[in-house]
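Residue numbers (full-length UniProt numbering): 1 to 946. Even glycine gets a Cβ: it sits at the ideal position worked out from N, Cα and C. This report refers to the structure that appears directly beneath it.
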RNA sequence: GGGCCGGUAGCUCAGUUGGUUAGAGCGCACCCCUGAUAAGGGUGAGGUCGCAAGUUCGAAUCUUGCUCGGCCCA
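The following block contains the structure:
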């Protein structure tokens, strides 16, 4: 062979500068800088101006700390939505936002104070808030860079922040809408309260400490009324570890499914306890009072039973009846199976009593003592102490002593072991205490929403006939509107609907007040004399105007007169000092981002909200309630939810387990395109995993896609428009590929409509791997390398390659935002950004008859490949080009040779493969009859080299 | 403890209304090519469809229980 000429230089090999190795960590920041410099987002806005809009409203992440994998997933999916919709030609302005108020940031500032040995209470609130503001601003800046680094496109120069004065003013304005329409009221609710700090605490500010010497007492309540006559005169026994709550007892609770028994003493005493707790009760009251089991009955039989308080002789509050109520929370884990209810001091207590018309009495003051006028252990009792005072609750303390004297104390000791909540800061015990709070009513008829117009809207949307059932005159409640909207909105995946439905259906009134510093004020006045909420649009307008100018600091007591205006005496009004729960802030983002006009390219309502499934309780719901209460409908047309990212074994990630995957690290080592490809490859509608093995798989897939582009770029070297061939003039293989491309086009469009991005990515990778690399490109290699450049077949192939290139680079642009830019720039150095392009115009080349024929041919090809393999194993054949094939097919043998990438194909009756005797062409390496000797040229190559 | 959701090859995912030997891509193993070359091609081995009962002629698919995991509550 060495004496034969080397034809390598005459072969048209792919030629490109596009490197096989990506080097994404180095390259991506450069591409990013270019986008910034060229303002690609701004260009895109101009390019899509006037087109149909698609509004994805960003759910604000909390401005605190570096981004984690959940942010990366969420933002990548959002970016995919923005870019795919944009690819379809729509105008998709995306305004990212941040949630800036709230407790976690307050804590960080307090933490800094502690390090400097400063006390928060010594710092003016205004100064404290300024520090919170700076802190949030700092993290907004950091996260902005991190989101951009991920390849997120959006209006990052003008994001929305809940702490901007304009936003704060709009949030207050939204609150006023609730106030002005009678949906807002001041109620009460037990909250965690620290008597030492005299402040309400958030759950996260409470820590539990194990105690071994807590008091435990059994108290007898005499039954005065019951359907079961045996019970009258008996005593219901309650057990508690907080003796101080007995003075505020208002009811008893039993478990309807619990079995009860009368425990009878030798003196004829009868005590009502749960049967399964009989022994424990006996043990507590001591063997000197030996008990026997009397009558048994089910909890349900206790309905209607009424007891009286052991201190009923004090009259007034204590003389009221203490009804026995059915409580589903009653268990027989400990105690007596009868739970004493103090609605002031327990959540279950509060809810059960509220449902039965029993209101809290606010007997315990902020400092933990009973109030001055309280008949038992109140102001003039010198034994009065804070309720968390240990001797006060002791077996020999005043409560137990009085109960003992009344004959109601059956046992008392100070030896109970359990965990009890303490203040995170002072380490002192905390209690549940009812405090005034602000609520939005869920079940009040909303008179400001015209039921008729709402109903008509509904009819129009549903295309149905007006249903004159008289319901039109009933004003709907917030809950009803919200439930209707949940029916109407599109949920992806569908299961999200049921989840939010269940929550809205069963939720209590919306508690919106917090006793905190860093947030939007509940900027309301309450008339001291009447306790009435002041609703005056003129006052409200002055307040929002001030906040719009100066931010939340404008809500200052010194300015009460200014806000109230002439004719009102500030002394007559209480200025509410609570702030709004941050969920009200974020629930109002649709108002100040979509509707306000501050972002003129936005529009209300949004087409889509897209967040993790935890937001069914959070943002999806707060936004829904806010919008339904103020505007009578949801602020979104569709809701997309994603699951959570677990570690490689499916376990939840946590810092303490050390199984977290840091997206910033992955970007540093592998690149943002790898994270994006991961996020869009998994089924994000469910929980999904990430880990080294998974990321390796993603990288492998990335490499294959990259090499496909590299091959296309190389094969298209020197391609010119005038090479193009019309589809009708193309060989069948090209037309079959056009069919495949059209089919893929349609499937991809559907995947975009369904937000089914993992199918989208899978279809593209499968297509690249199977249809292109292993099939089309492999078969046409001979043609590309060896045919004359002007030949119809080669031109047809390159026409297809050009179409494939344009399709693939656009389709993958929303996924591999950096790589496709590199690909595009390699082919079109002056072609602008790939991200300005629109969906490729493939045209409909579907031809089912052709496809059916080719599917058979491909099946035959697979059989031939199978048949070649044994000969390869026997070392009789090396390359498939050495195989001579007999097949049962009437197809043109030349076509089959090309398709199989083999030597001569003979028609026959049975599939068989033999090594060919033909010599090998020195240029195209095919074994053909006309080649006399290995290394000579075949007819085609002879012709080409002329 | 309660509500909701999920568990298909090593990995990522398909599996329509229950119906022939459960599929794909990747990875892996072996082979080929050395003119896409830290690339490309071929073949192949991988699954008791979380577990256990039940309904049915027949179940990955329907029912129940259990288990593991997740989100939200308590």
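- Sorting 634, 370, 593 and 493 by C-alpha distance to the C-alpha of residue 485 places 634 at the top.
- Looking at 870, 917, 887 and 441, the one whose alpha-carbon comes closest to that of residue 911 is 887.
- Residue 54 and residue 209 have their C-alpha atoms roughly 52 Å apart.
- For residue 620 and residue 587, the gap between their C-alpha atoms comes out near 8 Å.
- Segment contact: the stretch 140 to 156 against the stretch 299 to 318, fewer than three CB-CB distances shorter than 8 Å; contact not assigned.
- The residues 139, in chain order, have a CB closer than 8 Å to that of residue 65 in the same chain once the five nearest residues on each side in sequence are set aside.
- With contacts defined as CB atoms closer than 9 Å, residue 708 and residue 788 fail to qualify as a contacting pair.
- In terms of Cβ geometry, residue 584 and residue 161 do not form a close pair [threshold 9 Å].
- Boundaries of the alpha helix (DSSP H) around residue 760: 757 to 766.
- Three or more Cβ pairs drawn from the stretch 288 to 302 and the stretch 256 to 274 lie within less than 8 Å of each other, which places the two stretches in contact.
- Residue 69 is a Cβ neighbour of residue 661, given a cutoff of 9 Å.
- In this structure, residue 14 sits away from residue 778, with a CB-CB distance that is not shorter than 9 Å.
- Residue state for residue 276 is assigned as helix, using DSSP reduced to three classes.
- Runs of the beta strand (DSSP E) spanning 3 or more residues and lying entirely within the stretch 612 to 698 occur at 636 to 642, in chain order.
- Excluding the 5 residues flanking it on each side, residue 356 has same chain C-beta neighbours closer than 8 Å at 251, 323 and 325, in chain order.
- Only residues of its own chain outside the window of five on either side were considered, and among them 179 and 180 have a CB closer than 6 Å to the CB of residue 535, listed in chain order.
- When DSSP assignments are scanned along the stretch 823 to 908, the uninterrupted stretches of beta strand (DSSP E) that are 3 or more residues long and fall wholly within it turn out to be 883 to 887 and 905 to 907.
- Residue environment: residue 220 is assigned as buried (16 or more neighbouring CB atoms within 10 Å of its CB, all protein chains considered).
- Residue nearest to residue 144 within the set 72, 932, 711 and 399 is 72 (criterion: CA-CA distance).
- Put simply, the stretch 393 to 406 touches the stretch 243 to 260. At least three CB pairs are less than 8 Å apart.
- For residue 221, the three-state secondary structure derived from DSSP is strand.
- Annotation for residue 574: the continuous beta strand (DSSP E) segment containing it runs 573 to 575.
- As computed with DSSP, residue 282 is found in no beta bridge at all.
- Cβ-Cβ separation between residue 434 and residue 362: approximately 6 Å, consistent with a contact (criterion under 8 Å).
- With contact defined as three or more Cβ pairs closer than 8 Å, the stretch 785 to 802 and the stretch 720 to 737 are in contact.
- Counting C-beta pairs with one atom in each stretch, the stretch 368 to 386 and the stretch 211 to 231 have fewer than three that are closer than 8 Å, which means they do not touch.
- Non-local beta-carbon contacts of residue 500 in its own chain, meaning distances under 7 Å to residues more than five positions away in sequence, involve 486, 616, 620 and 621 in chain order.
- Around the Cβ of residue 681, a 10 Å sphere holds 16 or more other Cβ atoms; the residue is buried.
- Contact check for residue 338 against residue 406 fails: the beta carbons are separated by 9 Å or more.
- Comparing C-alpha distances from residue 671 to each of 23, 6 and 8 shows the shortest one belongs to 23.
- DSSP places residue 309 in the coil class of the three-state scheme, outside both helix and strand.
- When the alpha-carbon of residue 32 is set against those of 48, 44, 899 and 149, the nearest one is in 149.
- Beta-bridge annotation (DSSP): residue 421 is paired with 208.
- Taking the CA atoms as reference points, residue 721 sits about 33 Å from residue 677.
- At a Cβ-Cβ threshold of 9 Å, residue 639 and residue 594 do not count as neighbours.
- Per DSSP, the continuous alpha helix (DSSP H) segment holding residue 480 begins and ends at 478 to 488.
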